[in-house]
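Asks: Dropping a structure here in structure tokens format, bear with me for questions.
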Amino acid sequence: MTDIAKDAIAPPRSFLSQDAIQVFYRLLAAFLICAVLAVLSDSFLSLGNILNVLRQASLTFFIASGLTLVVLTAGLDLSVGANVALSACIAGTVIHKTGSPALGILTGLACGGIVGLLNGIMVTALRIPSFIATYGMLWVLNGLTYWYMAGETLHGFPAGFRQIGSGYLFGLPIPVYLLLVFLGIGTLFAQRTIWGQEIYAIGANPVAARLSGIPVARRLLLVYAVSGTMAGLASIIFLSRLNSAEADIGESLTLPAIAAVLIGGTSLFGGVGTVFGTFIGALILTLVLNGMNLLSVSANWQPLVTGIIVILAVWLDMKTRRRAQ
Amino acid sequence: MSDALPIEVTSPTPLLELRGISKEFPGVKALDDVSFAVYPGEVHMLLGENGAGKSSLMKVLCGAYSADTGEFYYKGDKVAISSTADAQKLGIAVIFQEFSLVPYLDIAQNIFLGREPGGRIPGTIDRRKILADAKRVLGTIGFDIDPSTIVDKLGVAQQQMVEIAKAISQNARILVMDEPTAALSDRETELLFELIARLKADGVSIVYISHRMAEVFALGDRITVLRDGRRIDGVRPADVTPDQLVRMMVGRNVDMTYPRNFADKPGELLLEVKGLTSSTGISDINIEVRRGEIVGLCGLVGSGRSEVARAIFGADPVTSGEIMFDGKTISGEPDLAARRGIALIPESRKSEGLALLRSVSDNLVVSALRKLFPSGLFDQRAAQRTADGLIRQLRIATPSARQTVGLLSGGNQQKVVIGKWLAAGSKLFIFDEPTRGIDIGAKSEIFALIDRLVAEGAAALMISSEQIEICHVCDRAYVMREGRIAGHLTRNELTEENIVRLGMHHA
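For the protein sequence lines, the chains are A and B, in the order given.
Reading the first sequence from the start, the letters are residues 2 to 326 in my numbering.
Reading the second sequence from the start, the letters are residues 336 to 842 in my numbering.
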């Protein structure tokens with residue numbers, strides 16, 4: 002009874018937006034994890050380790066940021082990992098054949114973007130649920146990549162190109178700069194453009210969005226193309242960091258990216274979430290795995306911990322949101 | 336009305352009595368010290384505007400909400416209703432507007448869902464007994480249908496009958512019905528009223544929620560009026576006039592007439608539809624709408640009115656015909672129609688008009704993004720300023736522009752849907768049942784708004800099943816029948832009789 006009375010006095014909606022509150026909780030969680038790790042491990046707070054965490058988080062974030070837009074429209078892109086693999090292999094071949102990293106980068110981005118566009122066409126023109134369309138695409142891309150590579154490995158790229166993934170600028174890894182740039186672009190796009198607003202509206206209620214005059218099909222095409230292009234970008238960073246490409250490099254990428262999106266507070270039902278949240282999601286995921294490595298916990302435990310974090314994050318979100326409504 | 340006997344004399348003890356019920360939600364006092372009694376065999380009308388507390392009271396009654404304070408008495412004995420099981424034990428059953436039937440099971444399975452009689456082998460169901468029992472229950476309410484019919488194949492009225500049969504089979508003594516005639520045709524409504532009379536004769540009490548004044552007087556033995564979560568009064572139909580009831584519901588005098596200033600002569604042609612045919616079942620539709628006009632689109636539910644609206648807006652594909660808007664041919668998706676200046680206020684606000692989880696502000700600017708932010712860059716503050724202006728202009732009752740739109744009442748939600756097209760600067764407003772589920776005060780505000788819009792040079796095409804509304808506000812009207820335009824009525828010809836005559840199927 003007293004709880005109900007307390008709730009009744011609380012204002013129906015606080016001054017902070019729901020999104021801001023979700024992001025705040027996540028930052029808090031990230032800081033808590035940092036604090037705990039700093040106490041438990043001497044090496045956690047070393048500059049090298051922190052930069053390492055950021056660099057690893059950036060790789061997950063590139064894929065997850067595009068995916069966030071898809072999830073905001075209540076869709077899912079399961080093909081991102083396979084897309085990274087194909088794009089990396091094709092970009093690698095182009096660099097080898099032409100010797101031009103610039104051309105290779107463009108090819109990688111284009112390959113990712115085209116795959117995304119095909120996903121978008123399946124979802125809009127053919128009206129295949131995104132989950133199924135991109136799941137099918139995953140297999141198609143895997144098939145193409147394995148056929149194309151035929152068990153070969155591409156390796157040895159120009160030093161200039163390798164700088165993208167492993168180089169430093171003013172003491173910070175280059176991927177961290179890219180991370181900041183794309184975090185900024187992604188946040189601006191989602192929060193500060195009318196396209197971003199339309200994407201939220203589509204996710205919240207696609208029927209109402211269409212009947213409100215939003216070109217739903219075109220926006221969905223855009224969103225899937227962006228997701229694909231970000232996978233293309235990730236493929237370039239991977240290629241340059243690993244200095245090699247194999248057919249199977251994408252297999253362990255999709256599920257962590259989805260985990261980052263979910264831990265970041267984006268709802269699979271669409272319309273709710275932020276790109277910044279996804280960044281923190283990627284950070285939390287990386288921090289925990291990094292911490293486990295530092296504390297010499299067996300890597301076999303990592304999937305289990307990831308799963309628990311995802312479930313916890315989504316459950317807490319639902320709880321706080323339900324209370325807010 | 337004539338048999339509105341002095342009930343207190345014939346049965347001094349109420350079947351069920353609620354005393355001092357209060358229920359609070361965060362920020363809202365849904366029920367405030369409400370007392371309410373149901374006597375055996377009476378129809379007790381529950382009246383009030385949206386948000387007055389009818390639904391909350393109903394949910395307390397059936398145990399879906401537990402009251403914060405208050406007491407329940409059953410035949411004079413104090414009881415507790417803290418769960419739906421408690422309510423069911425007391426014989427309370429609710430027929431919600433959205434039925435709770437399983438569409439792919441048959442009638443008999445639905446009636447006995449969860450309490451199927453067991454067969455000889457444990458774990459099996461005695462199918463023959465279920466069918467026989469269902470047949471008997473259906474018989475008691477005079478519903479002659481094969482109990483093995485799949486529910487999905489039934490019409491709304493028949494599904495309602497199944498719901499009632501289900502309640503009766505659970506020995507319900509108090510039936511709570513939430514706007515039971517909202518989706519029924521006139522004939523079906525008559526059948527429902529006959530059934531209610533029969534149930535009454537058997538001593539079943541009925542708590543009946545309605546927005547329709549005619550029903551209140553035709554059916555009610557007693558009337559309880561709620562407003563802002565409080566019980567305003569309990570009266571008998573014979574002792575009040577409709578105007579008095581409206582005043583009790585609204586708490587102020589409301590102009591029951593529909594505000595409309597008819598223009599002397601209509602403006603230029605805005606919309607011209609020629610031979611419009613669509614795969615949704617409409618064919619050869621010819622319609623004209625001029626600036627300054629409100630044109631009605633009437634006909635029975637299912638005659639193709641909404642389909643015409645959707646086809647004009649581009650929401651359904653057009654197979655042949657032409658739509659001329661403002662002198663230019665248009666075809667394509669809703670975004671093109673919207674950009675040209677056509678607005679659709681769809682029939683179902685919640686599922687087609689609003690993003691319920693988003694804010695009032697987000698919903699108000701969603702159709703005007705391109706117009707408000709031509710650079711493509713969105714500014715949350717500017718959006719909220721626009722929203723604040725619309726909130727003031729339309730008198731949308733909301734704590735702020737940041738309130739979640741799903742938390743507003745039906746009338747205010749409808750204002751938000753209209754507001755988003757005002758922001759977009761639309762020229763033609765297509766209203767599909769704009770006053771459905773909206774209380775009287777908000778209704779007359781919405782009509783005043785439409786009147787002002789057309790006076791300023793816009794035009795409106797209005798679909799409504801409330802013929803009286805069409806007759807009062809429209810300059811003229813088209814009547815549809817079976818997917819075609821059956822006739823056109825000028826202002827002078829616009830009467831309920833004419834609409835019904837044109838809309839009826841020829842025998």
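Cβ atoms here follow ideal geometry from the backbone N, Cα and C, with glycine treated the same way.
Using the beta-carbon count (16 or more within 10 Å), is P839 of chain B buried or exposed?
Replies: For the purposes of this step, residue 839 of chain B is taken as the residue at position 504 of the second sequence. Looking at the sequence itself, residue 839 of chain B is Met, so the reference to Pro does not match. Burial call: exposed.
Asks: Please list the terminal residues of the continuous beta strand (DSSP E) segment that includes T654 of chain B.
Replies: As a first step, residue 654 of chain B must be located in the second sequence, where it is residue number 319. It spans V653 to F660 - the beta strand (DSSP E) in which T654 of chain B sits, taken as one unbroken run.
Asks: So, for D441 of chain B: in the same chain, excluding its five sequence neighbours on each side, which residues have a beta-carbon less than 8 Å away from its beta-carbon?
Replies: The count along the second sequence starts at 1 and reaches residue 441 of chain B at position 106. Cβ neighbours of D441 of chain B beyond the five flanking positions: P482, S483, T484, I485 and V486.
Asks: Using DSSP's beta-bridge definition, name the partner residues of H156 of chain A.
Replies: As a first step, residue 156 of chain A is located in the first sequence; it is residue number 155 there, counting from the start. For H156 of chain A, which the question treats as bridged, DSSP gives the partners A:S245.
Asks: With a threshold of 8 Å between beta carbons, is E668 of chain B in contact with chain A?
Replies: What you label residue 668 of chain B is simply residue 333 of the second sequence in a count that begins at 1. Yes - at least one Cβ of chain A is within 8 Å of the one on E668 of chain B.
Asks: Checking contacts by CB at 8 Å: is R640 of chain B closer than that to chain A?
Replies: Along the second sequence, one-based indexing puts residue 640 of chain B at 305. No - not a single Cβ of chain A is within 8 Å of the one on R640 of chain B.
Asks: Count the other CB atoms within 10 Å of the CB of G711 of chain B; is the residue buried (16 or more) or exposed (fewer)?
Replies: As a working note, residue 711 of chain B is residue 376 in the second sequence. It is exposed - the Cβ of G711 of chain B has fewer than 16 other Cβ atoms within 10 Å.
Asks: CB of E657 of chain B to nearest heavy atom of the ligand GTP: below 7 Å?
Replies: Questions concerning the ligand GTP fall outside what the structure shown contains, since it holds no ligand whatsoever.
Asks: Can you pull the chain B residues whose beta carbon is under 8 Å from the beta carbon of L212 of chain A, in chain order?
Replies: In the first sequence, the residue the question calls residue 212 of chain A occupies position 211. Chain order gives the chain B residues near L212 of chain A as F648, A650, P669, L679, P681, E687 and G688, where near means a beta carbon separation below 8 Å.
Asks: What whole-angstrom Cβ distance do I446 of chain B and Q495 of chain B have, given they're in contact under 8 Å?
Replies: Residue 446 of chain B sits at position 111 when you count from the first residue of the second sequence. Residue 495 of chain B sits at position 160 when you count from the first residue of the second sequence. Taking the Cβ atoms as the reference, I446 of chain B lies roughly 13 Å from Q495 of chain B, outside the contact range of under 8 Å.
Asks: Would R737 of chain B and S694 of chain B qualify as a contact pair, given that the criterion is a beta-carbon distance under 8 Å?
Replies: For this step, residue 737 of chain B is matched to residue 402 along the second sequence. For this step, residue 694 of chain B is matched to residue 359 along the second sequence. The answer is yes: Cβ separation under 8 Å.
Asks: Using 8 Å as the threshold, is the C-beta distance between G453 of chain B and G405 of chain B below it?
Replies: By one-based count along the second sequence, residue 453 of chain B stands at place 118. By one-based count along the second sequence, residue 405 of chain B stands at place 70. Their beta carbons are not under 8 Å apart, which means G453 of chain B does not touch G405 of chain B by this criterion.
Asks: Name the chain A residues that come within less than 9 Å of F713 of chain B, Cβ to Cβ?
Replies: Your numbering for residue 713 of chain B matches position 378 in the second sequence. Those within 9 Å of F713 of chain B in chain A are Q192, R193, T194, I195, W196, G197 and Q198.
Asks: Can you find the residues in the same chain that come closer than 6 Å, C-beta to C-beta, to Y225 of chain A, ignoring five residues on each side of it along the sequence?
Replies: Mapped onto the first sequence, residue 225 of chain A falls at position 224. Closer than 6 Å at Cβ, skipping near neighbours: G117, N120 and G121.
Asks: Which residues does DSSP pair with P174 of chain A in a beta bridge?
Replies: Locating residue 174 of chain A in the first sequence gives position 173, where the first residue counts as 1. According to DSSP, which records beta bridges pairwise, P174 of chain A is partnered with A:Y169.
Asks: Taking C-beta pairs closer than 9 Å, name the residues in chain B that I215 of chain A reaches, listed in chain order.
Replies: Indexing the first sequence from 1 puts residue 215 of chain A at position 214. Neighbours of I215 of chain A on chain B, chain order: P669, D670, A673, V701, S702 and L704.
Asks: With a cut-off of 8 Å, does the C-beta of L351 of chain B fall near any C-beta of chain A?
Replies: Locating residue 351 of chain B in the second sequence gives position 16, counting from the first residue. Output row for L351 of chain B: interface = no.
Asks: Indicate whether at least one CB of chain B lies closer than 8 Å to the CB of D4 of chain A.
Replies: Within the first sequence, the letter at position 3 stands for residue 4 of chain A. A caution first: D4 of chain A carries a pLDDT of 37, below 50, which makes its placement in the model unreliable, though a value can still be read off. Output row for D4 of chain A: interface = no.
Asks: Rounding to the nearest angstrom, what Cα-Cα distance links Q493 of chain B and A794 of chain B in this structure?
Replies: As a working mapping, residue 493 of chain B is identified with position 158 in the second sequence. As a working mapping, residue 794 of chain B is identified with position 459 in the second sequence. Rounded to the nearest whole angstrom, the CA to CA distance from Q493 of chain B to A794 of chain B is 39 Å.
Asks: Please say whether I503 of chain B and T524 of chain B have beta carbons closer to each other than 8 Å?
Replies: To locate residue 524 of chain B, count along the second sequence from 1; it is residue 189. To locate residue 503 of chain B, count along the second sequence from 1; it is residue 168. Going by C-beta atoms, T524 of chain B is not nearer than 8 Å to I503 of chain B.
Asks: Once you ignore the five residues that flank G555 of chain B on each side, which residues in its own chain have a CB closer than 6 Å to its CB?
Replies: Locating residue 555 of chain B in the second sequence gives position 220, counting from the first residue. Closer than 6 Å at the Cβ level, and outside the excluded window around G555 of chain B, lie V378, M380 and P572.
Asks: Assign E247 of chain A to buried or exposed, taking buried as 16 or more other Cβ atoms, counted over all protein chains shown, within 10 Å of its Cβ.
Replies: Counting from one through the first sequence, the residue named residue 247 of chain A turns up at place 246. When all chains shown are included, E247 of chain A counts as buried.
Asks: Between K755 of chain B and chain A, is the shortest Cβ-Cβ distance under 8 Å, so that the two count as touching?
Replies: The sequence position of residue 755 of chain B within the second sequence is 420, counting from 1. Interface residue, yes.
Asks: Buried or exposed for I803 of chain B, going by 16 or more other Cβ atoms inside 10 Å?
Replies: For the purposes of this step, residue 803 of chain B is identified with residue 468 of the second sequence, where counting begins at 1. So I803 of chain B counts as exposed.
Asks: Report the residue ranges of all alpha helix (DSSP H) runs contained in full by the segment 171–257 of chain A; include only those spanning at least 4 residues, in chain order.
Replies: 175–193, 195–205, 207–212 and 217–243
Asks: Use the C-beta contact count for F25 of chain A: other C-beta atoms within 10 angstroms, 16 or more gives buried, fewer gives exposed.
Replies: Against the first sequence, residue 25 of chain A aligns to sequence position 24. Answer is exposed; the Cβ neighbour count stays below 16.
Asks: Rounded to the nearest angstrom, how far is the Cβ of I264 of chain A from that of G251 of chain A, given a contact under 8 Å?
Replies: The residue given as residue 264 of chain A occupies position 263 in the first sequence. The residue given as residue 251 of chain A occupies position 250 in the first sequence. No, I264 of chain A and G251 of chain A are not in contact; Cβ-Cβ is about 21 Å, not under 8 Å.
Asks: Along chain B, in chain order, which residues have C-beta atoms closer than 7 Å to that of V208 of chain A?
Replies: To locate residue 208 of chain A, count along the first sequence from 1; it is residue 207. What V208 of chain A touches in chain B: S686 and E687.
Asks: On the three-state DSSP scale, how would you describe C809 of chain B?
Replies: The sequence position of residue 809 of chain B within the second sequence is 474, counting from 1. Coil.
Asks: Do T279 of chain A and A261 of chain A have their beta-carbon atoms positioned less than 8 Å apart in this structure?
Replies: Indexing the first sequence from 1 puts residue 261 of chain A at position 260. Indexing the first sequence from 1 puts residue 279 of chain A at position 278. Contact flag set, yes.
Asks: At a CB-CB cut-off below 7 Å, which residues of chain A make contact with F708 of chain B?
Replies: On the second sequence, position 373 is the one that residue 708 of chain B refers to. Correct list: I195.
Asks: Check each candidate in B:I773, B:G760 and B:A703 and name the one with the smallest Cα separation from G745 of chain B.
Replies: The residue labelled residue 745 of chain B in the question sits at position 410 within the second sequence. Checking every option, the nearest Cα to that of G745 of chain B belongs to B:I773.
Asks: So H379 of chain B is in the beta strand (DSSP E); what residue range does that whole segment cover?
Replies: If you number the second sequence from 1, residue 379 of chain B lands on position 44. Note, H379 of chain B: beta strand (DSSP E), V378 to L382.
Asks: For the segment 623–639 of chain B against the segment 669–680 of chain B, do three or more pairs of beta-carbon atoms, one drawn from each stretch, fall closer than 8 Å, so that the two count as touching?
Replies: no
Asks: How long is the line joining the alpha carbons of M2 of chain A and K364 of chain B, rounded to whole angstroms?
Replies: Numbered from its first residue, the first sequence carries residue 2 of chain A at position 1. Numbered from its first residue, the second sequence carries residue 364 of chain B at position 29. Interpretation of M2 of chain A is limited by its pLDDT of 37, a score under 50 that renders its predicted location unreliable; the figure taken from the coordinates is listed afterwards. For M2 of chain A and K364 of chain B, the distance between alpha carbons rounds to 14 Å.
Asks: Can you tell me where the beta strand (DSSP E) with S540 of chain B in it begins and where it stops?
Replies: Here residue 540 of chain B is taken as the residue at index 205 of the second sequence, counted from 1. Where S540 of chain B is concerned, the enclosing beta strand (DSSP E) stretches over S540 to I544.
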